[in-house]
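Undergrad: Note that the protein sequences, when read in sequence, are chains A and B.
Per the working numbering, the first sequence starts with residue 349, numbered consecutively.
Per the working numbering, the second sequence starts with residue 4, numbered consecutively.
Glycine is no exception: its CB is placed at the ideal position from the N, C-alpha and C atoms.
Bear in mind the structure is a predicted one, so any value in this text is a computation, not a measurement.
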Amino acid sequence: MNEIKSPEESRKSLDRIFRDLTRSITHRDEMSRFWLFILVMFAIVGVWGFIIQIQRGLGVTGMRDYVSWGAYIANFVFFVAVSLIGFLISSTLHLLKIEWSKPISRVAEQVAIAAVAMAGLIIVMDMGRPDRLQNVFLHGRFASPILWDLTVVTTYLVISVLLFYLPLIPDLALLRDRLTGVPEIQKKIYTVLALGWKGNEEQYRLVTHAMRILMILIIPVGLSIHTVTSWLFASTLRAGWDTTIFGPYFVSGAFVAGTAAVVMVMFVYRLRYRLKNYFTHHHFDMMGKLLVFVCLVYLYFNINEFLVPGYKMRLHEGIHLRELFAGGYSRMFWFVQIAGLILPIFLLLFKYFRRPFPMFLISFLVLVASWFKRYVIVIPTMEHPHLPVQNVPDYFKHYAPTSNEIVILLFGFVGALIIITLLAKLFPVISIWEYAHQQGIDKKYLTEKPENQ
Amino acid sequence: MRKFFFLSAAVLFLLPGLQGFSQVWEVPADQDALKNPSAFNNENVKAGRELYNTHCKSCHGDPGKNNALPLVPPPPDVTSEQMLQNSEGALFYKITTGRVAMPAFETTLTEEQRWRIVSFMKSFDPANEGLLVKEEPVKARLQGAADETAKVLTLSAQTLNASGEWMPLPHADLFISAKRTFGSLAIGQAKTNGSGHAEFKFPEEFKGDWEGLVDLRVTLGEDFSCDPLVMNRLKIAAPADTENLFADRVLWSTNDRTQWWLILAYLGVVGGVWLVIGYVIFQILKIYKAGKE
Chain A
349 MNEIKSPEES RKSLDRIFRD LTRSITHRDE MSRFWLFILV MFAIVGVWGF IIQIQRGLGV
409 TGMRDYVSWG AYIANFVFFV AVSLIGFLIS STLHLLKIEW SKPISRVAEQ VAIAAVAMAG
469 LIIVMDMGRP DRLQNVFLHG RFASPILWDL TVVTTYLVIS VLLFYLPLIP DLALLRDRLT
529 GVPEIQKKIY TVLALGWKGN EEQYRLVTHA MRILMILIIP VGLSIHTVTS WLFASTLRAG
589 WDTTIFGPYF VSGAFVAGTA AVVMVMFVYR LRYRLKNYFT HHHFDMMGKL LVFVCLVYLY
649 FNINEFLVPG YKMRLHEGIH LRELFAGGYS RMFWFVQIAG LILPIFLLLF KYFRRPFPMF
709 LISFLVLVAS WFKRYVIVIP TMEHPHLPVQ NVPDYFKHYA PTSNEIVILL FGFVGALIII
769 TLLAKLFPVI SIWEYAHQQG IDKKYLTEKP ENQ
Chain B
4 MRKFFFLSAA VLFLLPGLQG FSQVWEVPAD QDALKNPSAF NNENVKAGRE LYNTHCKSCH
64 GDPGKNNALP LVPPPPDVTS EQMLQNSEGA LFYKITTGRV AMPAFETTLT EEQRWRIVSF
124 MKSFDPANEG LLVKEEPVKA RLQGAADETA KVLTLSAQTL NASGEWMPLP HADLFISAKR
184 TFGSLAIGQA KTNGSGHAEF KFPEEFKGDW EGLVDLRVTL GEDFSCDPLV MNRLKIAAPA
244 DTENLFADRV LWSTNDRTQW WLILAYLGVV GGVWLVIGYV IFQILKIYKA GKE
């Protein structure tokens, strides 16, 4: 925390901070309209693809009897993975009192909310009869990991939204009091959501108290969400999934994907909303170190996951692993391992690559590899069942997503980007009051009415 | 020695060639030219179909359904191009001599029977269309009752005569099967007597479910158009002696038999988490109230 500032200084620097951090809300130009337009276009195409799928059934996808979990499930696992970053940054690092992570918390929560909301939606889009969704609740079995997954995804979404909302309340009051040049209705929303915030001691105490509880609560829930997702695979007896380390393997992989996603969003905000002084080189440097660290943990699990069965090459595991190491999936497999793990670890060891732009590129690579990693986890196993594949046409034996499927897959990404964009357009991307506090500005200036109004 | 070396080299050289060669099933010209001595008529085709169903269907599958066993080389479907291009003589020769996975039927079936099968197979040849008199399936119906203690089914078959009356159907084959999880299991056959009645002694050792219940179906042959006679939940079979894997509270049971630890763990964890979430929401309400003071 910086030195306590004088009243004069405090007011001035609060004004500046407020202006900078609400730029994402007030700033409207061609570029942002174009961006939204593109997103909405893609979303419409995705919805159109989904309507076709509803009308004609899942036959429009590449999934058949043997590969009944295709790219949709890979997409689902990917988004669940990305969402985990919310709990790593805004809870774990927070509780460890790691100062640099504080301005990144809200970005992490945005990414978490967007990703977990999409994960839920993707599952619905993977259903042959989404109109029967309620049956999962009505007739779901307590013994089924699918039911557990559904429970934990919804719970995590609720906690993430609360964890986004709670530290936002003082900011909402600031927006209510100070923001100009936005539509009346938007101001109304701020007023309602600000819950009559006055900034008194009791209110601050309640916010801190509730946040502390949530931050602790989200740790087990966050760990469960991806562990349970991994159990969807690990609780079956199939080559490639039948392993005991799937829980931690998935969780550590999730941190890799999520960190990369947050770095990309940070970079874009920094550029678009001119936040160079807020998302500094130092933040990218630290995020780079975090990425190396989680990559190393993930690498450790990968070595376990492939070396141990690979040493034995038991009958079905052997068929599966040969397909990954040297068979039809080898290119994807080695791309994922090298571009998604080895290369980033190597590059990010150098300070040169932990600067914003190189970090952005590396994160992009990591994110792409993360997606294909899920593909490599889901599909090859499906193609190698224990019982022989027989009496089916050739196209049942190998899976490839159809174009109809791909537009629905893209919908997942577009949907997540729309959610992130809307959150950035409505709320500051960094917590103003916490940032001001860090800069040594006393709380009492926050609730002052600015003189120029 | 030198000669031997030469010979073995030649054999080694030829072997792979022979193997490729063997893809085609050569039929001697005189055999290929043989003509079917039995007449091509409904009766022979029908007899051939029955023989086919007992001796060949297990590998070659149902005609036109391409559901043959996946052997190497694959047994072709009887309606396939590969099968139909055979001359009558060639079919007869191949059935007689067999090759690799295809058994030789020289000793199993008489010559007459083999020719009947050829007639049946040739009935799928488009060139033979119209040669057979199309027989409309005869309308028929089945009735039956079960004596569960004596384990006997009393069945009767009737058919519609020209004036639209139901008349007893004599000397017809009845097929009795049981419904099983993945299809039906043939149990046996019965033949109606002169007055259209038949009795079927249910096999003692046939297993039903845990209570000895079975769902039975009785059908007439393919020449009749007749709804199968359905007799569900007859307590006529021996009780299954397999263990009922759902009797106890086990992991794979439906919800009403879920294991207690699982219900408690699930509800405990989920309930606990949501209680805390509820508490947090309560705190948010308190924030609102604190703003009013």
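Using C-beta distances below 6 angstroms, list every residue in its chain close to glutamate 109/B, excluding the 5 sequence neighbours before and after it, in chain order.
TA: Excluding sequence neighbours, glutamate 109/B sits near Thr99.
Undergrad: Could you have a look at valine 425/A and say whether DSSP puts it in helix, strand or coil?
TA: Helix.
Undergrad: Using DSSP bridges, identify the partner residues of tryptophan 448/A.
TA: In DSSP, tryptophan 448/A forms no bridge with anything.
Undergrad: Report yes if the CB atom of alanine 764/A is closer than 8 angstroms to the CB atom of alanine 462/A, and no otherwise.
TA: In this structure, alanine 462/A lies closer than 8 angstroms to alanine 764/A by Cβ.
Undergrad: Are the CB atoms of glycine 147/B and leucine 232/B within a distance shorter than 8 angstroms?
TA: Cβ distance < 8 angstroms, so leucine 232/B and glycine 147/B count as in contact.
Undergrad: Looking at arginine 102/B and tryptophan 213/B, is the spacing between their C-beta atoms short of 8 angstroms?
TA: No, the pair does not count as a contact, with Cβ atoms beyond the cut-off.
Undergrad: When we look at the beta-carbon of aspartate 413/A and count the other beta-carbons within 10 Å, is it buried (16 or more) or exposed?
TA: Exposed is the call here.
Undergrad: Can the beta-carbon of cysteine 229/B be found closer than 8 angstroms to that of arginine 144/B?
TA: The answer is yes: Cβ separation under 8 angstroms.
Undergrad: Is glycine 688/A helix, strand or coil by DSSP?
TA: Helix.
Undergrad: Taking the straight line between their C-alpha atoms, what separation do you get for leucine 597/A and alanine 605/A?
TA: Before going on, a small fix: residue 597/A reads as tyrosine here, not leucine. Taking the straight line joining both Cα atoms gives about 13 angstroms.
Undergrad: Going by C-alpha distance, which of Leu713/A, Gly688/A, Val610/A, Gly658/A is nearest alanine 674/A?
TA: Taking only the C-alpha atoms, the option nearest alanine 674/A is Gly658/A.
Undergrad: Note down, in chain order, every chain B residue with its Cβ under 8 angstroms from the Cβ of alanine 491/A.
TA: Here the neighbours are Leu254, Trp255, Ser256, Thr261, Gln262, Leu265.
Undergrad: Would the region 169-184 of chain B and the region 203-219 of chain B be scored as touching if the rule is three or more Cβ pairs under 8 angstroms?
TA: Taking 8 angstroms as the limit for Cβ pairs, the verdict is that the region 203-219 of chain B does touch the region 169-184 of chain B.
Undergrad: Using CA atoms only, rank isn't needed, just tell me which of Thr409/A, Phe627/A, Ile710/A, Val509/A is closest to valine 755/A.
TA: Nearest C-alpha to valine 755/A: Thr409/A.
Undergrad: So which residues on chain A does proline 79/B lean against when the C-beta distance must stay under 7 angstroms?
TA: In chain order: nothing, as chain A lies at least about 15 angstroms away.
Undergrad: Taking C-beta pairs closer than 8 angstroms, name the residues in chain B that glycine 544/A reaches, listed in chain order.
TA: Those are Tyr291, Gly294, Lys295, listed as they occur along chain B.
Undergrad: Just reading off the beta strand (DSSP E) that phenylalanine 401/A is part of, what are its end residues?
TA: Phenylalanine is not the amino acid found at residue 401/A; the sequence shown has glutamine there. It is not in any beta strand (DSSP E) - glutamine 401/A instead sits in the alpha helix (DSSP H) that spans 378-404.
Undergrad: What does DSSP give as the partner residues of proline 171/B in its beta bridges?
TA: DSSP lists Gln161/B as partners of proline 171/B.
Undergrad: What in chain B is Cβ-close to histidine 557/A, meaning under 7 angstroms?
TA: What histidine 557/A touches in chain B: Gln286.
Undergrad: Using CA atoms only, rank isn't needed, just tell me which of Phe398/A, Met379/A, Ser372/A, Arg364/A is closest to threonine 750/A.
TA: Residue Phe398/A is the option with its Cα nearest to threonine 750/A.
Undergrad: How is lysine 289/B classed by DSSP in three states: helix, strand or coil?
TA: Correct three-state label for lysine 289/B: helix.
Undergrad: Taking the alpha-carbon positions, what's the glutamate 549/A to isoleucine 365/A distance?
TA: Cα to Cα, glutamate 549/A sits roughly 23 angstroms from isoleucine 365/A.
Undergrad: Output the distance between the C-alpha atoms of methionine 635/A and valine 762/A, rounded to the nearest integer angstrom.
TA: Near 25 angstroms, if we compare the C-alpha coordinates of valine 762/A and methionine 635/A.
Undergrad: What separation, rounded to the nearest whole angstrom, lies between the Cα atoms of lysine 699/A and alanine 268/B?
TA: Taking the straight line joining both Cα atoms gives about 48 angstroms.
Undergrad: On a Cα-Cα basis, can you pick out the residue from Phe720/A, Ser354/A, Ile593/A that is closest to leucine 655/A?
TA: Cα-wise, what sits closest to leucine 655/A is Ile593/A.
Undergrad: Compare the beta carbon distance of threonine 502/A and valine 569/A with 8 angstroms and say whether it is the shorter of the two.
TA: The answer is no: Cβ separation not under 8 angstroms.
Undergrad: Relative to chain A, which residues along the region 55-86 of chain B have a C-beta separation below 8 angstroms, given in chain order?
TA: Residues Asn70, Pro73.
Undergrad: Considering aspartate 150/B, what are the terminal residues of the alpha helix (DSSP H) in which it resides?
TA: Here aspartate 150/B belongs to no alpha helix (DSSP H); instead the beta strand (DSSP E) covers 141-150.
Undergrad: For the beta strand (DSSP E) containing glycine 191/B, name the first residue and the last one.
TA: Here the beta strand (DSSP E) through glycine 191/B covers 186-194.
Undergrad: Who are the Cβ neighbours of leucine 495/A in its own chain at under 8 angstroms, not counting the five residues just before and after it?
TA: Within the same chain, leucine 495/A has close Cβ partners Val484, Gly488, Arg489.
Undergrad: Taking alanine 558/A as part of the alpha helix (DSSP H), name the residues at either end of that continuous run.
TA: Alanine 558/A -> alpha helix (DSSP H) spans 549-582.
Undergrad: Mind checking which residues open and close the beta strand (DSSP E) that includes histidine 629/A?
TA: Segment 629-660 is the alpha helix (DSSP H) holding histidine 629/A; no beta strand (DSSP E) there.
Undergrad: Let's see if you can read the secondary structure: which residues bound the beta strand (DSSP E) around leucine 216/B?
TA: Segment 216-223, the beta strand (DSSP E) holding leucine 216/B.
Undergrad: Whose C-beta lies closer than 7 angstroms to the C-beta of glutamate 653/A among residues of the same chain, with five residues either side of it excluded?
TA: If we look at glutamate 653/A and ignore the five residues flanking it on each side, its Cβ neighbours are Thr591, Ile593, Tyr597.
Undergrad: Can you name, in chain order, every residue of its own chain whose Cβ lies under 6 angstroms from the Cβ of serine 711/A, other than the five neighbours on each side?
TA: Same-chain partners within the cutoff: Ala608, Val611, Met612.
Undergrad: Does DSSP put leucine 72/B in a helix, a strand or coil?
TA: Three-state result, leucine 72/B: coil.
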